[in-house]
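Residue numbers (full-length UniProt numbering): 1 to 438. Comments concern the structure below.
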(Lines of atoms letter the chains of each structure in order from A and count residues from 1; the text may use other names and numbers.)
(Lines give C-alpha, C1' and ligand atoms only; values in the text may rest on other atoms or scores of the structure.)
Protein backbone atom coordinates (compact mmCIF):
# COMPACT_ATOMS: atom_id res chain seq x y z
CA UNK A 1 0.00 0.00 0.00
CA UNK A 2 1.05 3.57 -0.62
CA UNK A 3 0.83 4.38 3.09
CA UNK A 4 3.34 1.65 4.04
CA UNK A 5 7.14 1.80 3.89
CA UNK A 6 9.07 -1.48 4.11
CA UNK A 7 12.67 -1.17 5.24
CA UNK A 8 15.16 -3.03 7.35
CA UNK A 9 16.63 -1.29 10.38
CA UNK A 10 19.89 -1.06 8.45
CA UNK A 11 18.04 0.55 5.55
CA UNK A 12 16.65 3.27 7.82
CA UNK A 13 20.04 3.74 9.45
CA UNK A 14 21.86 3.97 6.12
CA UNK A 15 19.60 6.78 4.91
CA UNK A 16 20.15 8.73 8.11
CA UNK A 17 23.84 8.05 8.83
CA UNK A 18 25.34 5.16 6.88
CA UNK A 19 25.65 7.00 3.56
CA UNK A 20 28.22 9.29 5.19
CA UNK A 21 30.46 6.20 5.50
CA UNK A 22 29.90 4.61 2.10
CA UNK A 23 33.55 5.24 1.17
CA UNK A 24 34.75 3.04 4.06
CA UNK A 25 32.00 0.45 4.44
CA UNK A 26 33.31 -3.10 4.72
CA UNK A 27 33.90 -6.11 6.92
CA UNK A 28 36.29 -5.54 9.78
CA UNK A 29 38.83 -8.36 9.59
CA UNK A 30 41.23 -9.48 12.26
CA UNK A 31 44.10 -7.95 10.29
CA UNK A 32 42.27 -4.58 10.11
CA UNK A 33 41.89 -4.63 13.88
CA UNK A 34 45.52 -5.63 14.39
CA UNK A 35 46.67 -2.63 12.35
CA UNK A 36 44.24 -0.27 14.07
CA UNK A 37 45.33 -1.19 17.60
CA UNK A 38 48.95 -1.88 16.58
CA UNK A 39 49.11 -5.42 17.94
CA UNK A 40 50.16 -8.81 16.62
CA UNK A 41 48.81 -10.60 19.68
CA UNK A 42 46.05 -12.50 17.91
CA UNK A 43 44.33 -13.61 21.08
CA UNK A 44 44.05 -9.96 22.07
CA UNK A 45 42.93 -8.96 18.56
CA UNK A 46 40.20 -11.59 18.62
CA UNK A 47 39.10 -10.41 22.08
CA UNK A 48 38.85 -6.85 20.78
CA UNK A 49 36.75 -8.11 17.86
CA UNK A 50 34.39 -9.94 20.22
CA UNK A 51 34.17 -6.99 22.63
CA UNK A 52 33.32 -4.66 19.76
CA UNK A 53 30.71 -7.10 18.43
CA UNK A 54 29.05 -7.30 21.84
CA UNK A 55 28.94 -3.50 22.05
CA UNK A 56 27.54 -3.03 18.53
CA UNK A 57 24.75 -5.53 19.21
CA UNK A 58 23.89 -4.03 22.61
CA UNK A 59 21.62 -1.15 23.55
CA UNK A 60 24.47 0.41 25.59
CA UNK A 61 25.83 3.86 24.83
CA UNK A 62 29.46 3.30 25.81
CA UNK A 63 31.94 0.45 25.59
CA UNK A 64 32.60 -1.08 29.00
CA UNK A 65 34.07 -4.10 30.72
CA UNK A 66 30.65 -5.78 30.55
CA UNK A 67 31.13 -6.11 26.78
CA UNK A 68 34.28 -8.18 27.26
CA UNK A 69 33.47 -11.81 26.30
CA UNK A 70 32.54 -13.60 29.52
CA UNK A 71 34.07 -16.94 28.54
CA UNK A 72 37.50 -15.31 28.19
CA UNK A 73 37.34 -14.14 31.81
CA UNK A 74 37.88 -17.76 32.81
CA UNK A 75 41.46 -17.37 31.60
CA UNK A 76 43.72 -15.72 34.19
CA UNK A 77 45.87 -14.02 31.55
CA UNK A 78 42.84 -12.61 29.74
CA UNK A 79 41.34 -11.37 33.01
CA UNK A 80 44.47 -9.31 33.61
CA UNK A 81 44.33 -7.96 30.06
CA UNK A 82 40.59 -7.15 30.08
CA UNK A 83 40.93 -3.44 30.86
CA UNK A 84 43.53 -2.88 28.15
CA UNK A 85 41.40 -4.81 25.65
CA UNK A 86 38.37 -2.65 26.44
CA UNK A 87 40.50 0.47 25.98
CA UNK A 88 41.83 -0.86 22.66
CA UNK A 89 38.23 -1.49 21.58
CA UNK A 90 37.36 2.13 22.35
CA UNK A 91 40.28 3.32 20.20
CA UNK A 92 39.19 1.03 17.39
CA UNK A 93 35.59 2.30 17.57
CA UNK A 94 36.79 5.91 17.40
CA UNK A 95 38.75 5.12 14.23
CA UNK A 96 35.75 3.38 12.70
CA UNK A 97 33.54 6.40 13.41
CA UNK A 98 36.01 8.85 11.85
CA UNK A 99 34.91 9.46 8.22
CA UNK A 100 38.42 10.71 7.42
CA UNK A 101 40.05 7.49 8.59
CA UNK A 102 40.02 5.39 5.42
CA UNK A 103 42.24 2.63 6.86
CA UNK A 104 39.72 1.29 9.38
CA UNK A 105 36.47 0.13 7.76
CA UNK A 106 33.08 0.35 9.41
CA UNK A 107 30.67 -2.58 8.94
CA UNK A 108 26.93 -2.16 8.48
CA UNK A 109 26.33 -2.84 12.18
CA UNK A 110 28.58 0.16 12.89
CA UNK A 111 26.37 2.79 11.28
CA UNK A 112 23.29 1.04 12.71
CA UNK A 113 24.79 1.56 16.17
CA UNK A 114 25.52 5.21 15.41
CA UNK A 115 21.92 5.70 14.31
CA UNK A 116 20.63 4.09 17.51
CA UNK A 117 22.89 6.36 19.57
CA UNK A 118 21.28 9.37 17.85
CA UNK A 119 17.95 8.30 19.42
CA UNK A 120 15.90 8.48 16.20
CA UNK A 121 12.25 9.49 16.45
CA UNK A 122 10.27 7.73 13.72
CA UNK A 123 7.01 9.27 14.95
CA UNK A 124 7.81 12.33 12.84
CA UNK A 125 7.35 10.15 9.72
CA UNK A 126 5.16 7.22 10.73
CA UNK A 127 2.17 6.39 12.94
CA UNK A 128 2.97 2.72 13.57
CA UNK A 129 6.12 0.63 13.35
CA UNK A 130 5.91 -3.14 12.87
CA UNK A 131 8.97 -5.17 13.79
CA UNK A 132 9.01 -8.61 12.15
CA UNK A 133 11.12 -11.61 13.23
CA UNK A 134 11.22 -10.08 16.70
CA UNK A 135 12.55 -13.34 18.17
CA UNK A 136 15.85 -12.77 16.38
CA UNK A 137 16.77 -9.10 16.62
CA UNK A 138 19.74 -7.76 18.50
CA UNK A 139 19.36 -5.49 21.53
CA UNK A 140 20.28 -2.37 19.55
CA UNK A 141 17.25 -2.85 17.25
CA UNK A 142 15.05 -3.89 20.17
CA UNK A 143 16.13 -0.67 21.88
CA UNK A 144 15.11 1.38 18.84
CA UNK A 145 11.65 -0.23 18.89
CA UNK A 146 11.29 0.41 22.63
CA UNK A 147 12.33 4.01 22.00
CA UNK A 148 9.52 4.46 19.48
CA UNK A 149 6.99 3.18 22.01
CA UNK A 150 8.34 5.73 24.48
CA UNK A 151 7.82 8.43 21.85
CA UNK A 152 4.15 7.42 21.73
CA UNK A 153 4.18 5.46 18.47
CA UNK A 154 2.11 2.35 18.01
CA UNK A 155 4.49 -0.64 18.01
CA UNK A 156 3.61 -4.12 16.75
CA UNK A 157 6.09 -7.00 17.01
CA UNK A 158 5.72 -10.39 15.35
CA UNK A 159 7.76 -13.52 15.86
CA UNK A 160 8.09 -17.06 17.13
CA UNK A 161 10.47 -17.70 19.99
CA UNK A 162 10.96 -21.26 18.78
CA UNK A 163 12.47 -19.93 15.55
CA UNK A 164 15.20 -17.92 17.23
CA UNK A 165 18.35 -18.92 15.33
CA UNK A 166 20.88 -16.12 15.71
CA UNK A 167 21.80 -15.97 19.38
CA UNK A 168 25.40 -16.60 18.26
CA UNK A 169 25.30 -13.19 16.55
CA UNK A 170 24.05 -11.47 19.68
CA UNK A 171 20.34 -11.69 18.86
CA UNK A 172 17.73 -11.68 21.62
CA UNK A 173 14.07 -12.63 21.75
CA UNK A 174 12.44 -9.20 21.92
CA UNK A 175 9.07 -10.88 22.50
CA UNK A 176 10.19 -11.35 26.11
CA UNK A 177 11.22 -7.69 26.56
CA UNK A 178 9.96 -6.00 29.77
CA UNK A 179 8.47 -3.06 27.83
CA UNK A 180 6.11 -5.55 26.13
CA UNK A 181 4.91 -7.02 29.43
CA UNK A 182 1.45 -5.42 29.14
CA UNK A 183 1.14 -5.85 25.36
CA UNK A 184 -1.90 -7.46 23.77
CA UNK A 185 -0.82 -10.94 22.56
CA UNK A 186 -2.26 -13.06 19.75
CA UNK A 187 -1.08 -16.59 18.92
CA UNK A 188 -0.88 -18.07 15.44
CA UNK A 189 -0.78 -21.86 15.83
CA UNK A 190 -1.98 -23.00 12.39
CA UNK A 191 0.07 -23.65 9.26
CA UNK A 192 -1.23 -24.33 5.76
CA UNK A 193 2.23 -25.36 4.51
CA UNK A 194 2.06 -28.96 5.72
CA UNK A 195 -0.29 -31.57 7.08
CA UNK A 196 -0.86 -33.16 10.51
CA UNK A 197 2.10 -35.57 10.34
CA UNK A 198 4.70 -32.81 9.91
CA UNK A 199 2.95 -30.79 12.61
CA UNK A 200 3.19 -33.82 14.92
CA UNK A 201 6.97 -34.00 14.40
CA UNK A 202 7.22 -30.28 15.16
CA UNK A 203 5.09 -30.68 18.29
CA UNK A 204 7.34 -33.50 19.52
CA UNK A 205 10.33 -31.17 19.27
CA UNK A 206 8.49 -28.32 20.98
CA UNK A 207 7.27 -30.63 23.75
CA UNK A 208 10.82 -30.93 25.08
CA UNK A 209 11.10 -27.14 25.12
CA UNK A 210 8.09 -26.97 27.42
CA UNK A 211 5.61 -25.77 24.79
CA UNK A 212 2.09 -27.05 25.40
CA UNK A 213 0.22 -25.16 22.68
CA UNK A 214 -0.19 -27.50 19.71
CA UNK A 215 0.79 -26.54 16.17
CA UNK A 216 -1.95 -27.57 13.71
CA UNK A 217 -0.98 -28.62 10.19
CA UNK A 218 -3.89 -27.69 7.93
CA UNK A 219 -2.13 -28.13 4.59
CA UNK A 220 -1.82 -31.12 2.29
CA UNK A 221 -0.89 -34.50 3.74
CA UNK A 222 2.82 -34.70 4.58
CA UNK A 223 4.60 -38.04 4.76
CA UNK A 224 7.40 -38.64 7.27
CA UNK A 225 10.22 -40.92 6.15
CA UNK A 226 13.81 -41.86 6.94
CA UNK A 227 14.92 -41.20 3.35
CA UNK A 228 13.44 -39.56 0.28
CA UNK A 229 12.37 -41.70 -2.69
CA UNK A 230 15.17 -42.17 -5.23
CA UNK A 231 13.04 -41.18 -8.23
CA UNK A 232 12.11 -37.66 -7.14
CA UNK A 233 12.45 -34.95 -9.79
CA UNK A 234 13.57 -32.50 -7.12
CA UNK A 235 14.63 -32.58 -3.48
CA UNK A 236 15.91 -30.05 -0.96
CA UNK A 237 18.66 -31.08 1.45
CA UNK A 238 19.12 -28.97 4.57
CA UNK A 239 22.44 -29.06 6.41
CA UNK A 240 23.59 -27.75 9.78
CA UNK A 241 26.86 -26.32 8.45
CA UNK A 242 28.41 -24.79 5.34
CA UNK A 243 30.86 -27.69 5.35
CA UNK A 244 27.86 -30.03 5.26
CA UNK A 245 26.42 -28.22 2.23
CA UNK A 246 29.71 -28.43 0.35
CA UNK A 247 30.10 -32.12 1.16
CA UNK A 248 26.54 -32.85 -0.02
CA UNK A 249 27.26 -30.89 -3.21
CA UNK A 250 30.43 -32.86 -3.87
CA UNK A 251 28.50 -36.12 -3.51
CA UNK A 252 25.58 -35.07 -5.72
CA UNK A 253 27.69 -33.52 -8.44
CA UNK A 254 29.23 -36.95 -9.05
CA UNK A 255 25.76 -38.16 -10.10
CA UNK A 256 25.49 -35.32 -12.62
CA UNK A 257 22.85 -33.49 -10.59
CA UNK A 258 22.08 -29.86 -11.35
CA UNK A 259 22.28 -28.02 -8.04
CA UNK A 260 20.58 -24.87 -6.81
CA UNK A 261 22.39 -23.22 -3.91
CA UNK A 262 20.11 -21.13 -1.68
CA UNK A 263 21.71 -17.69 -1.55
CA UNK A 264 23.92 -18.43 -4.57
CA UNK A 265 26.95 -20.69 -4.84
CA UNK A 266 29.44 -17.90 -4.12
CA UNK A 267 27.66 -17.26 -0.83
CA UNK A 268 29.33 -20.45 0.39
CA UNK A 269 32.84 -18.92 0.14
CA UNK A 270 34.15 -21.16 -2.64
CA UNK A 271 36.51 -18.50 -4.04
CA UNK A 272 37.93 -17.75 -0.60
CA UNK A 273 38.50 -21.46 -0.06
CA UNK A 274 40.23 -21.77 -3.44
CA UNK A 275 42.50 -18.85 -2.53
CA UNK A 276 43.33 -20.47 0.80
CA UNK A 277 44.03 -23.75 -0.99
CA UNK A 278 46.46 -21.94 -3.32
CA UNK A 279 48.12 -20.37 -0.27
CA UNK A 280 48.45 -23.81 1.32
CA UNK A 281 50.16 -25.09 -1.84
CA UNK A 282 52.56 -22.13 -2.00
CA UNK A 283 51.05 -20.84 -5.26
CA UNK A 284 50.40 -17.12 -4.64
CA UNK A 285 49.95 -16.41 -8.37
CA UNK A 286 46.68 -18.36 -8.28
CA UNK A 287 45.20 -16.25 -5.48
CA UNK A 288 42.50 -13.87 -6.77
CA UNK A 289 41.82 -12.07 -3.49
CA UNK A 290 45.19 -10.39 -3.01
CA UNK A 291 44.13 -9.12 0.41
CA UNK A 292 44.74 -12.65 1.66
CA UNK A 293 48.42 -12.36 0.73
CA UNK A 294 48.71 -8.94 2.33
CA UNK A 295 47.29 -10.27 5.59
CA UNK A 296 48.91 -13.71 5.61
CA UNK A 297 52.29 -14.17 3.90
CA UNK A 298 52.00 -17.96 4.06
CA UNK A 299 49.63 -20.75 5.08
CA UNK A 300 51.40 -21.47 8.36
CA UNK A 301 50.82 -17.87 9.43
CA UNK A 302 47.12 -18.22 8.56
CA UNK A 303 46.88 -21.39 10.65
CA UNK A 304 48.72 -19.73 13.55
CA UNK A 305 46.27 -16.81 13.54
CA UNK A 306 43.30 -19.21 13.33
CA UNK A 307 44.63 -21.21 16.29
CA UNK A 308 45.54 -18.22 18.46
CA UNK A 309 42.35 -16.28 17.74
CA UNK A 310 40.10 -19.38 17.78
CA UNK A 311 38.25 -17.92 14.80
CA UNK A 312 35.59 -20.49 13.83
CA UNK A 313 35.33 -19.43 10.18
CA UNK A 314 39.09 -19.71 9.67
CA UNK A 315 39.14 -23.09 11.40
CA UNK A 316 36.27 -24.33 9.24
CA UNK A 317 38.06 -23.16 6.10
CA UNK A 318 41.24 -24.99 7.11
CA UNK A 319 39.23 -28.19 7.59
CA UNK A 320 37.80 -28.05 4.06
CA UNK A 321 41.09 -27.08 2.41
CA UNK A 322 42.98 -29.91 4.09
CA UNK A 323 40.24 -32.49 3.62
CA UNK A 324 40.16 -31.87 -0.15
CA UNK A 325 43.79 -30.86 -0.49
CA UNK A 326 44.61 -32.96 -3.56
CA UNK A 327 41.96 -31.73 -5.99
CA UNK A 328 39.91 -28.93 -4.46
CA UNK A 329 40.06 -26.56 -7.50
CA UNK A 330 38.90 -29.32 -9.85
CA UNK A 331 36.05 -30.29 -7.52
CA UNK A 332 34.93 -26.68 -7.13
CA UNK A 333 35.07 -26.16 -10.90
CA UNK A 334 32.71 -29.10 -11.26
CA UNK A 335 30.40 -27.61 -8.62
CA UNK A 336 30.24 -24.34 -10.55
CA UNK A 337 29.51 -26.11 -13.83
CA UNK A 338 26.60 -27.97 -12.26
CA UNK A 339 25.19 -24.97 -10.36
CA UNK A 340 22.01 -23.38 -11.74
CA UNK A 341 20.59 -19.94 -11.03
CA UNK A 342 16.98 -21.02 -11.59
CA UNK A 343 15.73 -23.52 -9.03
CA UNK A 344 13.26 -24.92 -11.57
CA UNK A 345 16.25 -26.30 -13.51
CA UNK A 346 17.68 -28.10 -10.46
CA UNK A 347 17.20 -31.66 -9.30
CA UNK A 348 18.77 -30.83 -5.92
CA UNK A 349 18.50 -27.71 -3.77
CA UNK A 350 21.12 -27.28 -1.06
CA UNK A 351 20.99 -24.94 1.91
CA UNK A 352 21.96 -24.54 5.51
CA UNK A 353 18.98 -24.69 7.86
CA UNK A 354 19.62 -21.05 8.76
CA UNK A 355 19.26 -19.91 5.13
CA UNK A 356 16.20 -22.11 4.64
CA UNK A 357 14.13 -20.20 7.19
CA UNK A 358 11.01 -18.83 5.51
CA UNK A 359 11.34 -21.17 2.50
CA UNK A 360 9.46 -24.35 1.59
CA UNK A 361 9.79 -27.36 -0.73
CA UNK A 362 7.72 -30.42 -1.60
CA UNK A 363 10.41 -32.87 -0.47
CA UNK A 364 12.98 -32.12 2.22
CA UNK A 365 15.82 -34.25 3.57
CA UNK A 366 17.59 -33.34 6.82
CA UNK A 367 21.32 -34.04 6.55
CA UNK A 368 23.21 -35.96 9.22
CA UNK A 369 25.47 -33.07 10.26
CA UNK A 370 23.02 -31.89 12.97
CA UNK A 371 25.39 -33.66 15.32
CA UNK A 372 24.29 -32.75 18.82
CA UNK A 373 23.09 -35.07 21.55
CA UNK A 374 19.60 -33.84 22.52
CA UNK A 375 19.44 -35.76 25.82
CA UNK A 376 23.02 -35.36 27.04
CA UNK A 377 22.70 -34.18 30.68
CA UNK A 378 25.79 -31.99 30.21
CA UNK A 379 24.23 -29.90 27.43
CA UNK A 380 24.55 -26.13 27.73
CA UNK A 381 20.92 -24.94 28.12
CA UNK A 382 21.13 -22.06 25.64
CA UNK A 383 23.07 -24.06 23.05
CA UNK A 384 20.51 -26.88 23.39
CA UNK A 385 17.63 -24.46 22.75
CA UNK A 386 19.44 -23.07 19.70
CA UNK A 387 19.90 -26.56 18.22
CA UNK A 388 16.30 -27.56 18.92
CA UNK A 389 15.09 -24.35 17.29
CA UNK A 390 17.17 -25.10 14.21
CA UNK A 391 15.71 -28.61 13.96
CA UNK A 392 12.20 -27.18 14.37
CA UNK A 393 12.75 -24.71 11.53
CA UNK A 394 14.25 -27.42 9.31
CA UNK A 395 11.41 -29.87 9.97
CA UNK A 396 8.76 -27.30 9.03
CA UNK A 397 10.10 -26.60 5.51
CA UNK A 398 8.53 -29.69 3.86
CA UNK A 399 5.08 -29.70 2.24
CA UNK A 400 4.71 -33.31 0.99
CA UNK A 401 7.60 -35.47 2.23
CA UNK A 402 9.94 -34.90 5.18
CA UNK A 403 12.89 -37.25 5.57
CA UNK A 404 14.18 -36.84 9.12
CA UNK A 405 17.72 -37.53 10.30
CA UNK A 406 18.91 -39.71 13.18
CA UNK A 407 18.80 -36.82 15.66
CA UNK A 408 15.10 -36.14 15.00
CA UNK A 409 14.38 -39.88 15.11
CA UNK A 410 15.98 -40.04 18.56
CA UNK A 411 13.80 -37.17 19.77
CA UNK A 412 10.67 -38.80 18.31
CA UNK A 413 11.48 -42.09 20.04
CA UNK A 414 12.03 -40.34 23.37
CA UNK A 415 8.67 -38.60 22.99
CA UNK A 416 6.89 -41.91 22.29
CA UNK A 417 8.60 -43.60 25.25
CA UNK A 418 7.42 -40.83 27.56
CA UNK A 419 3.92 -40.70 26.10
CA UNK A 420 3.49 -44.46 26.49
CA UNK A 421 4.79 -44.47 30.06
CA UNK A 422 8.06 -46.29 29.43
CA UNK A 423 9.94 -43.23 30.69
CA UNK A 424 8.90 -40.40 33.05
CA UNK A 425 7.98 -37.17 31.26
CA UNK A 426 10.19 -35.00 33.46
CA UNK A 427 12.11 -31.85 32.47
CA UNK A 428 15.63 -32.47 31.23
CA UNK A 429 18.36 -31.88 33.81
CA UNK A 430 19.85 -28.81 32.11
CA UNK A 431 16.63 -27.09 31.07
CA UNK A 432 15.67 -23.52 31.75
CA UNK A 433 12.27 -21.96 31.09
CA UNK A 434 11.66 -22.19 27.34
CA UNK A 435 10.33 -19.23 25.30
CA UNK A 436 6.67 -19.23 24.40
CA UNK A 437 5.55 -19.36 20.78
CA UNK A 438 3.85 -16.28 19.41
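Cβ atoms here follow ideal geometry from the backbone N, Cα and C, with glycine treated the same way. The structure displayed is predicted, hence computed values, not measured ones.
Item, Value
"With DSSP as the reference, identify every bridge partner of residue 351, one or two as the case may be.", "238"
"Could you pull the DSSP bridge partners for residue 398 from this structure?", "361"
"Which value, in whole angstroms, describes the spacing of the CA atoms of residue 308 and residue 45?", "10 Å"
"By Cβ distance, which residues of its chain are closer than 6 Å to residue 195, with the 5 residues on each side in sequence left out?", "217, 219, 220, 221 and 222"
"What does residue 498 pair with, by DSSP beta-bridge criteria?", "Residue 498 is absent from the structure shown; the chain starts at 1 and stops at 438."
"Please confirm whether residue 357 and residue 163 have their CB atoms less than 8 Å apart.", "yes"
"In the DSSP assignment, find the unbroken alpha helix (DSSP H) run with residue 265 in it and report its ends.", "It is not in any alpha helix (DSSP H) - residue 265 carries neither H nor E in the DSSP assignment."
"Relative to the C-alpha of residue 298, which residue among 291, 285 and 279 is closest?", "279"
"Of the residues 20, 392, 412 and 12, which one's Cα is nearest the Cα of residue 215?", "392"
"Quick one: what does DSSP say residue 340 is sitting in, helix, strand or coil?", "coil"
"Look up residue 49 in the DSSP assignment and say whether it is helix, strand or coil.", "helix"
"Need the endpoints of the beta strand (DSSP E) that residue 130 sits in, please.", "128-131"
"Quick one: any contact between the stretch 101-114 and the stretch 18-34, if contact means 3 or more CB pairs under 8 Å?", "yes"
"Enumerate in chain order the residues of its own chain whose CB-to-CB distance from residue 119 is below 7 Å, with the five nearest sequence positions on each side excluded.", "147"
"CB residue 204 to CB residue 412, shorter than 8 Å?", "yes"
"Quick one: grab the DSSP three-state call for residue 63.", "coil"
"Identify, in the order they occur along the chain, each residue of the same chain with its Cβ nearer than 7 Å to the Cβ of residue 377, setting aside the five sequence neighbours on each side.", "429 and 430"
"For residue 209, count neighbouring C-beta atoms within 10 Å of its own C-beta (all shown protein chains included) and say buried if the count is 16 or more, exposed if not.", "buried"
"Are the CB atoms of residue 367 and residue 180 within a distance shorter than 8 Å?", "no"
"Could you tell me how far apart the beta carbons of residue 265 and residue 316 are, in whole angstroms, since I believe they sit closer than 8 Å?", "That belief does not hold up - the Cβ atoms of residue 265 and residue 316 are roughly 17 Å apart, past 8 Å."
"What is the residue span of the beta strand (DSSP E) that residue 156 lies within?", "154-157"
"Report the residue from 171, 126, 108 and 143 whose alpha carbon sits nearest the alpha carbon of residue 135.", "171"
"Check whether the stretch 41-60 and the stretch 91-98 touch, using three or more Cβ-Cβ pairs below 8 Å as the test.", "yes"
"If we count the other Cβ atoms within 10 Å of its Cβ and call it buried at 16 or more, is residue 73 buried or exposed?", "exposed"
"With distances taken Cα to Cα, identify the nearest neighbour of residue 427 among 374, 409 and 242.", "374"
"Three-state secondary structure (DSSP) at residue 214?", "coil"
"Under 8 Å between the Cβ atoms of residue 112 and residue 97?", "no"
"Measuring only the C-alpha atoms, how far is residue 125 from residue 178?", "26 Å"
"Quick check on residue 245: does DSSP put it in helix, strand or coil?", "helix"
"On the criterion of 16 or more Cβ atoms from any shown chain inside 10 Å, does residue 161 qualify as buried, or is it exposed?", "buried"
"Do you know whose CA, among 285, 322 and 289, lies nearest residue 300's CA?", "322"
"Does DSSP classify residue 141 as helix, strand or coil?", "helix"
"Out of 187, 4, 42 and 389, which one is the CA nearest neighbour of residue 370?", "389"
"From residue 60 to residue 9, what distance separates their C-alpha atoms?", "17 Å"
"Three or more beta-carbon pairs under 8 Å between the stretch 395-404 and the stretch 222-237, yes or no?", "yes"
"Opposite residue 191 in the DSSP bridges: which residues?", "217"
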